[in-house]
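So the sequence shown is numbered by this note's numbering: it starts at 408 and just counts up by one.
The C-beta atom is built at its ideal place from N, Cα and C for all residues, glycine as well.
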Amino acid sequence: MTPTLEEFAELPLWDFDKSWFFIQNHRDVVVPGASDALLVSAFRAQRAGKPKHAKQCVHQSLILQYGEKLGKDGVQLFFRRCVFLSQTLRFVLC
């Protein structure tokens with residue numbers, strides 16, 4: 408796993424704004440095999456008794472997988488929807 412991908416795995420769960428900002432500034436995170444590397448890291452973290460880090464790795468891996476499934480501009484599309492949805496929910500709930 409690259410140092411950048413390790414840093415990406417440390418981002419808080421459900422903080423899509425931070426994840427999107429990170430990806431925009433570190434395009435090397437969105438590469439083939441990155442989501443698999445994060446899942447391997449999650450497995451190792453869980454075995455090492457670090458469940459929080461394991462969840463973070465799985466979360467970030469799923470973000471990359473969802474973006475990949477949406478096509479060429481899938482990551483951008485995913486975040487547009489998530490960030491818009493989270494901002495809308497914040498507005499409604501406040």
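If you measure from the beta carbon of residue i to each beta carbon in chain B, is any gap under 8 Å?
| i | result |
| --- | --- |
| VAL465 | Chain labels in this structure do not include chain B; a single protein chain is all it has. |
Output needed for residue i: all residues of its chain with C-beta closer than 8 Å, excluding positions within five of it in sequence on either side, in chain order.
| i | result |
| --- | --- |
| PHE498 | For PHE498, the predicted model reports a pLDDT of 42, less than 50, meaning its position is unreliable and no value from the coordinates is stated. |
| SER426 | PHE415, LEU418, GLN467, ILE470 and PHE486 |
| VAL436 | THR411, LEU412, PHE415, PHE429, ILE430 and LEU471 |
Tell me which same chain residues have a C-beta within less than 6 Å of the C-beta of residue i, skipping the five on either side of it?
| i | result |
| --- | --- |
| ALA461 | ALA449, ALA452 and GLN453 |
| GLY474 | GLY481, VAL482 and PHE485 |
| MET408 | ALA444 and SER448 |
Determine the direct distance from the alpha carbon of residue j to that of residue i, and round the result to whole angstroms.
| i | j | result |
| --- | --- | --- |
| VAL465 | SER442 | 8 Å |
| PRO410 | LEU477 | 26 Å |
| HIS417 | VAL482 | First, the residue type needs correcting, since residue 417 is Glu and not His in the sequence shown. Rounded to whole angstroms, GLU417 to VAL482 spans 19 Å at the Cα level. |
| GLN431 | ASP422 | 15 Å |
| LYS459 | VAL447 | 15 Å |
| VAL438 | ALA455 | 26 Å |
| ARG488 | HIS433 | 20 Å |
Below 8 Å between beta carbons: does that hold for residue i and residue j?
| i | j | result |
| --- | --- | --- |
| LEU445 | LEU420 | no |
Ends of the alpha helix (DSSP H) at residue i?
| i | result |
| --- | --- |
| THR411 | 410–416 |
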